[in-house]
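Q: All letters in the sequence shown, in the order written, are residues -19 to -1, 1 to 291 by mature numbering (1 follows the signal peptide of the UniProt record, and there is no 0).
Cβ atoms here follow ideal geometry from the backbone N, Cα and C, with glycine treated the same way.
First, the structure itself, so that you have it in front of you.
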Amino acid sequence: MKILSVAAAAFMAATPVIAQESTDPIKLTLHDWSGQLITTTLMGEVLKEAGYNVEYVQADYIAQFAGLKTGDLHVAMEIWETTGREAMDEATASGNVVSQGETGMMAIEEWWYPAYMEERCPGLPNWEALKDCADAFSTPETAPLGRYLGGPVTWGGFDEERVEALGLDFEVIHAGTDAALFAELESAYQRQDPIMLWIYSPHWAPAKYDGKFVKFPEYSPECYADPSVGMNPDAAYDCGKPTGPIWKVSWAGLDDKWPNAGKAIRNFDIDNAAMGAMVADVDLNGKTVDETVAAWMADNKDVWSTWIAN
């Protein structure tokens, strides 16, 4: 029989109401990038320490909201302000999905280039420089157009719309996976080949590689919603991506069925630095997600034990 940790035992003793909560599994969604797998596994393992039955379910980043609305899925631990806010707002407006607050991490997702490309494209990081040197980012498959390597299609991001709205001579090519995206960056960086790609933070890449984010016109919600706003009066998305918190959301019935689990999820809080270090352990140091989460929990009992304290 598994021996509960001191923190879990204290939690169980202090909150006997957990015995009256459902024993059905709490279903947490998994996506296709290392940070999200770590965040979700960390929350799930902490819930297990508190005595809950947890199930991890592979789900599409945007399409998961359909399952969250119906209660077939219960918790999504990373909805990025940068790419998921529109879908999150639509889901919460239905009344079937609720926000469980911020994760503590702040999101940046934008076009990024290595510093050595500034000699080949003077004027960077200003986006207008790309109008004159798109060919500096071309590859045999896109020439004479520049190549922008976007994230997997399921991530969204409106990159094709931005290219068209701003009149950039770039072709958007989507990486098949998160791992493929950064493997291509590593390969190009080592050879100092041209590359422009989607980089996000929290992640290890902005710290490992010398480079910059492109400075597009400042984002506003109106820029995405109203073509008349922004540089191109005939097109939306003629601005940069938003920045902001990474959110937690859940099925609206979570707190009725598992009230103390709901509290624990709201209490979850971690910063970019801690997450970036864990992502590096998985992506660079060869550790598994489970090993990385277990090591963090062993070193940070004083942190996660407060999430499940009543």
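How would you write the range of the alpha helix (DSSP H) that residue 27 sits in, first residue to last?
A: Within the sequence shown, residue 27 is the residue found at index 46, counting from 1. Its alpha helix (DSSP H) spans residues 15 to 30.
Q: Where DSSP assigns a beta bridge to residue 39, which residues make up the other side?
A: In the sequence shown, residue 39 corresponds to position 58, counting from 1. According to DSSP, which records beta bridges pairwise, residue 39 is partnered with 11.
Q: Using the rule of at least 16 other Cβ atoms within 10 Å of the residue's Cβ for burial, across every protein chain shown, is residue 81 buried or exposed?
A: Locating residue 81 in the sequence shown gives position 100, counting from the first residue. It is buried - the Cβ of residue 81 has at least 16 other Cβ atoms within 10 Å.
Q: Secondary structure at residue 170, three-state DSSP: helix, strand or coil?
A: Within the sequence shown, the letter at position 189 stands for residue 170. Looking at residue 170 - three-state DSSP - the assignment turns out to be helix.
Q: Since residue 288 and residue 35 are thought to touch, with beta carbons under 8 Å apart, how far apart are those beta carbons, to the nearest angstrom?
A: In the sequence shown, the residue the question calls residue 288 occupies position 307. In the sequence shown, the residue the question calls residue 35 occupies position 54. Not really, about 14 Å apart at Cβ, beyond 8 Å.
Q: Can you tell me which of the three DSSP states residue 86 falls into?
A: Translated into the one-based positions of the sequence shown, residue 86 becomes position 105. Residue 86 falls in the strand class under three-state DSSP.
Q: DSSP beta-bridge partners for residue 56?
A: Taking the first residue of the sequence shown as 1, we reach residue 56 at position 75. Partner(s): 9 and 231.
Q: Is the beta carbon of residue 72 sitting closer than 8 Å to the one on residue 54?
A: To locate residue 72, count along the sequence shown from 1; it is residue 91. To locate residue 54, count along the sequence shown from 1; it is residue 73. Not in contact: residue 72 and residue 54 (Cβ atoms no closer than 8 Å).
Q: Verify whether the separation of the beta carbon atoms of residue 93 and residue 194 is less than 8 Å.
A: Here residue 93 corresponds to residue number 112 of the sequence shown, with the count starting at 1. Here residue 194 corresponds to residue number 213 of the sequence shown, with the count starting at 1. Against a cut-off of 8 Å, the Cβ pair of residue 194 and residue 93 comes out as a contact.
Q: Would the beta-carbon of residue 230 fall within 8 Å of that of residue 19?
A: Position 249 of the sequence shown, counted from the start, is the residue given in the question as residue 230. Position 38 of the sequence shown, counted from the start, is the residue given in the question as residue 19. No, Cβ-Cβ distance for residue 230 and residue 19 is not below 8 Å.
Q: Considering residue 112, what are the terminal residues of the alpha helix (DSSP H) in which it resides?
A: For the purposes of this step, residue 112 is identified with residue 131 of the sequence shown, where counting begins at 1. Run containing residue 112: 111 to 114, per the alpha helix (DSSP H) assignment.
Q: Using only the alpha-carbon positions, how far apart do residue 75 and residue 52 sit?
A: Against the sequence shown, residue 75 aligns to sequence position 94. Against the sequence shown, residue 52 aligns to sequence position 71. Approximately 13 Å between the Cα atoms of the pair.
Q: Within a Cβ cutoff of 7 Å, which residues of the same chain sit near residue 186, ignoring the five residues on either side of it in sequence?
A: Here residue 186 refers to the residue found at position 205 when the sequence shown is read from its first residue. These residues qualify, in order along the chain: 163, 166 and 180.
Q: Quick check on DSSP: helix, strand or coil for residue 240?
A: Numbered from 1 along the sequence shown, position 259 holds the residue referred to as residue 240. Looking at residue 240 - three-state DSSP - the assignment turns out to be helix.
Q: Inspect the CB distances between the segment 86 to 102 and the segment 191 to 210 and report whether three or more fall short of 8 Å.
A: Yes, they touch.
Q: Taking Cβ positions, are residue 128 and residue 118 nearer each other than 8 Å?
A: In the sequence shown, residue 128 corresponds to position 147, counting from 1. In the sequence shown, residue 118 corresponds to position 137, counting from 1. Yes, the Cβ-Cβ distance between residue 128 and residue 118 is below 8 Å.
Q: Out of curiosity, what's the CA-to-CA distance linking residue 277 and residue 136?
A: Within the sequence shown, numbered from 1, the residue matching residue 277 stands at position 296. Within the sequence shown, numbered from 1, the residue matching residue 136 stands at position 155. Their Cα atoms are separated by approximately 27 Å.
Q: May I have the straight-line CA-CA distance separating residue 87 from residue 100, to the nearest angstrom?
A: As a first step, residue 87 must be located in the sequence shown, where it is residue number 106. As a first step, residue 100 must be located in the sequence shown, where it is residue number 119. For residue 87 and residue 100, the distance between alpha carbons rounds to 31 Å.
Q: What do you get for residue 107, buried or exposed, if any count of 16 or more other CB atoms within 10 angstroms of its CB means buried?
A: What you label residue 107 is simply residue 126 of the sequence shown in a count that begins at 1. Under this definition residue 107 is an exposed residue.
Q: Give a yes or no on whether the C-beta atoms belonging to residue 84 and residue 228 are separated by under 8 Å.
A: Position 103 of the sequence shown, counting from 1, holds the residue named residue 84. Position 247 of the sequence shown, counting from 1, holds the residue named residue 228. Cβ distance < 8 Å, so residue 84 and residue 228 count as in contact.
Q: To the nearest angstrom, how far is the alpha carbon of residue 265 from that of residue 16?
A: Translated into the one-based positions of the sequence shown, residue 265 becomes position 284. Translated into the one-based positions of the sequence shown, residue 16 becomes position 35. Cα to Cα, residue 265 sits roughly 13 Å from residue 16.
Q: If I'm right that residue 177 touches residue 130 with Cβ under 8 Å, what's the distance once you round it to whole angstroms?
A: Locating residue 177 in the sequence shown gives position 196, where the first residue counts as 1. Locating residue 130 in the sequence shown gives position 149, where the first residue counts as 1. Indeed, because the Cβ distance is near 7 Å, the residues count as touching under 8 Å.
Q: May I ask which residues mark the beginning and end of the beta strand (DSSP E) holding residue 153?
A: The count along the sequence shown starts at 1 and reaches residue 153 at position 172. Here the beta strand (DSSP E) through residue 153 covers 151 to 155.
Q: Have a look at 256, 240, 280 and 111 and flag the residue whose alpha-carbon is nearest the alpha-carbon of residue 31.
A: Here the question's residue 31 lines up with position 50 in the sequence shown. When each option's Cα is compared against that of residue 31, the closest is 240.
Q: How about residue 10 and residue 40: are their beta carbons less than 8 Å apart?
A: By one-based count along the sequence shown, residue 10 stands at place 29. By one-based count along the sequence shown, residue 40 stands at place 59. It is a contact, given that the beta carbons lie within the stated cut-off.
Q: According to DSSP, what are the bridge partners of residue 79?
A: As a working note, residue 79 is residue 98 in the sequence shown. DSSP, once it has assigned bridges, lists 231 as partnering residue 79.
Q: Is residue 125 closer than 8 Å to residue 116 when the C-beta atoms are compared?
A: The residue you call residue 116 lines up with position 135 of the sequence shown. The residue you call residue 125 lines up with position 144 of the sequence shown. Closer than 8 Å, so yes.
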